[in-house]
Amino acid sequence: MTKAIHESPPLGEVEEVSETYQDSPSTENEINVSSDVLGAIDASKDVSSEEGVKEKINVFETSVVEKTIKTADEMFPNINKKKLLLKMDLNIIPILALLYLLSFLDRGNVGNANIEGLSVDLKLKGNEYNLCLTVFFFTYSAFEVPSNMLLKKLRPSIWLPLIMVCWGVVMTLMGLVKNYYGLLICRIFLGLTEAGLYPGVTYYLTLWYCRAEIQFRQAMFFSAASVAGAFSGLLAFAIGKMRGVAGLYGWQWIFILEGIATVLVACVAFFFVHDFPETARFLTEEEREYVMWRLKYDSNDSSNSGQMVEENNDRDWKYVRAAFKDIQVYVHILLYFGIVVPLYGISLFLPSIINGLGFTSAVAQLLTIPIYALGAIASVTQAWFSDRYGKRSHFVGANLFFMLLGYLLAYNLSTISPAGVYVGCYLIALGLYPAFPAIVSWMANNVAGSYKRAVAMAIQIGIGNLAGAIASNIYRAKDKPGYKLGHGMEIMFVCIGIAALGVLNYGYHLANKKKAEKLAAGEYDNYTPQQLSEMGDRSPYFKYRH
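Heads up: the sequence shown runs through residues 1083 to 1628, numbered per this note's numbering.
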């Protein structure tokens, strides 16, 4: 193999080339692979379960070698892509959004419970409340990678509802705690049981949708978090009035009722979560073949670069190592911190921040609703434009700007203008909620190989969610009502995110430039489609999105 194969571009290429393609290309099978031919090849997805799909794919592997290129329209003339995508959206997204709504509701309702008297009734002292928030993120982060590895083995239709039942039970029991230690233990187990949902679903969506379609679907799914924030305020306002019913406090009913609702929805989810395209009952045989074909061969990149985008799907530890050694993952984690520390700061403390502006607890709960509603609308709207134009960093940069402006208002006006702080919260939500699905789908776009991508996304979300442990401790009760420390720390993390964004944008640009130069020099002309496919995102035909 030429020396160029061992040279790494600035981001995403730190692992040594696997043994499968370390040797020079076989002259016996030598083939000059043009970018048009390579555009028909994408080994990203597992197609092991449908014989009809496998047969059609094998036919195409032969046609590629013979340089007989057919488009998706030519191969499947009876398929209407827009109608099929809508059909997939209606069957996949709503149930996932409902699961995540309940997940975010259950992890964040402790903030609503606190202004309903949780700390007072449990006689929490000092930083005990903050510690109860913090421990959730340790178990939540630790179990995300193994959970994603189990998802494909156990099937989404089993794994996702199963963990949902578990965290619903934990949430219900949290409504029965009598002291600090009971609350602490419940939060530990809540983190453990919720760990698999978000990284699992974000990876799961990449098994159904192409790169240019994924952020919009991520945003529709994640907008449930914004709805959960608004819904939690409304629910807490209503449930808080149950104080005294059955001898329980209002905050206890918040945990109990929302926990029971989670278990009930989980039981229904067993029948509505679909596993993978090749076994989807809501698709016809031809539709299944089309979905699998385009995931395997159609990179759907607007640049028409014809890149080889995926590694093999073997469940091999070398792909786990590749994910851990990929430098782009860690730069993305820094960007993730710049957005997720503010995310958890808002979800855990927004009611308290508004309450500290002089509003009653009931009014504070209601005033959170329009802020979250704005976040949901902005999230879906931005994602549509981002997928439409194939841009990621431009939109994330705008998100970080709005977040920075909002926190600067909150920091500087916290003691002199409650209205100014409230306006700042809108600006924060306007940037924050669209940014989160953007950064998750951005890295998913740039890590190729199904198994490597599953692990890389779990690393990003797992380590990144330690940001929640930080956010849990920067809004201290003794800093009320201004919360200068909390707002100041959020400003610092947003600035870290801005710096990481610059590194990623420049690194991806430089990596794409080097790949183009090597292609122009003919360094990869004699590599077979299989060899190039196994290179995953290090293939010269894989173009990083930024």
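For each residue, glycine too, the CB sits at the ideal point set by N, CA and C.
Cβ-based burial, residue i [other Cβ within 10 Å; buried from 16]
i, result
"Asn1629", "Since the displayed the chain opens at 1083 and closes at 1628, residue 1629 lies outside it and no answer follows."
"Arg1470", "exposed"
"Asp1408", "buried"
"Phe1225", "buried"
"Lys1165", "exposed"
"Arg1620", "buried"
"Thr1275", "buried"
"Lys1597", "buried"
"Asn1547", "buried"
"Trp1241", "buried"
"Leu1512", "buried"
"Thr1442", "exposed"
"Leu1168", "exposed"
"Lys1163", "exposed"
"Lys1234", "buried"
"Glu1599", "exposed"
"Glu1156", "exposed"
Cut-off 8 Å between Cβ atoms - residues of its own chain near residue i, not counting five sequence neighbours on either side
i, result
"Val1192", "Leu1200, Cys1214, Leu1215, Arg1269 and Leu1430"
"Leu1448", "Gly1315, Leu1316 and Phe1319"
"Lys1205", "Asn1261 and Tyr1262"
"Pro1359", "Lys1127, Leu1289, Trp1290, Leu1365, Arg1370, Val1373, Met1374 and Leu1377"
"Tyr1504", "Ile1436, Leu1439 and Leu1449"
"Lys1560", "none"
"Phe1406", "Val1537 and Ile1541"
"Ile1296", "Leu1287, Thr1288, Asp1469, Ser1523, Ala1526 and Asn1527"
"Leu1183", "Ala1306, Ala1307, Val1309, Ala1310 and Phe1313"
Beta-carbon proximity list for residue i, same chain, < 6 Å, skipping 5 on both sides
i, result
"Glu1210", "Tyr1262"
"Pro1159", "none"
"Glu1133", "Below a pLDDT of 50, predicted positions are generally treated as unreliable, and Glu1133, at 45, falls in that range; no measurement from the model is reported."
"Ser1308", "Tyr1454, Gly1457, Ala1458 and Tyr1515"
"Ile1573", "Tyr1489"
"Trp1335", "Ile1321 and Met1324"
"Asn1527", "Arg1293 and Arg1627"
"Asn1212", "Ser1554 and Asn1555"
"Met1525", "His1414 and Gln1542"
"Ile1587", "Looking at the sequence shown, residue 1587 is not Ile but Asn. The answer, listed in chain order, is Ser1475 and His1628."
"Asn1481", "Gly1513, Pro1516 and Ala1517"
"Cys1507", "Ile1453"
Contact under 8 Å by Cβ, residue i with residue j
i, j, result
"Ala1536", "Met1231", "yes"
"Val1411", "Ile1541", "yes"
"Lys1534", "Gly1440", "no"
"Glu1340", "Leu1187", "yes"
"Ala1195", "Phe1313", "no"
"Gly1564", "Thr1497", "yes"
"Gly1488", "Leu1509", "yes"
"Ser1239", "Val1355", "yes"
"Phe1218", "Arg1189", "yes"
"Gly1472", "Ala1294", "yes"
"Tyr1426", "Gly1550", "yes"
"Gly1282", "Ser1229", "yes"
"Ala1465", "Phe1352", "no"
"Leu1051", "Val1576", "Residue 1051 is absent from the structure shown; the chain starts at 1083 and stops at 1628."
"Pro1243", "Ala1310", "no"
"Phe1624", "Ser1461", "no"
"Val1529", "Ala1517", "no"
"Leu1265", "Ser1185", "no"
"Thr1221", "Gly1273", "yes"
"Tyr1557", "Gly1570", "no"
"Ile1161", "Glu1368", "yes"
"Ala1179", "Ala1277", "no"
"Ile1578", "Leu1416", "yes"
Beta-carbon contacts of residue i that lie in its chain and below 7 Å, excluding the five residues immediately before and after
i, result
"Leu1601", "Pro1622"
"Tyr1331", "Gly1199, Asp1203 and Arg1325"
"Val1227", "Val1537, Ala1540, Ile1541 and Gly1544"
"Ala1362", "His1356 and Arg1370"
"Ile1175", "Arg1299, Met1302 and Phe1303"
"Ala1446", "Ile1197, Pro1433, Ile1436 and Asn1437"
"Leu1583", "Leu1417, Ser1475, Val1478, Gly1479 and Leu1482"
"Val1585", "Val1413"
Exercise. Counting only runs that start and end within the region 1170 to 1254, where is the alpha helix (DSSP H) found for 4 or more residues in a row?
Worked result: 1200 to 1203, 1210 to 1224 and 1226 to 1236
For this session: Write down every uninterrupted run of the alpha helix (DSSP H) in the region 1560 to 1615 whose length is 4 residues or greater and which is fully enclosed by it, in chain order.
Result: 1566 to 1602
Problem set entry | Residue ranges of each beta strand (DSSP E) within the region 1401 to 1467, 3 or longer | none
Exercise. If you pair each beta-carbon of the region 1516 to 1530 with each one of the region 1418 to 1435, do three or more pairs fall below 8 Å?
Worked result: yes
Exercise. Are the region 1588 to 1606 and the region 1249 to 1257 touching, with three or more C-beta to C-beta distances below 8 Å?
Worked result: no
Exercise. Which runs of the alpha helix (DSSP H), 4 residues or longer, sit entirely within the region 1288 to 1376?
Worked result: 1296 to 1321 and 1332 to 1351
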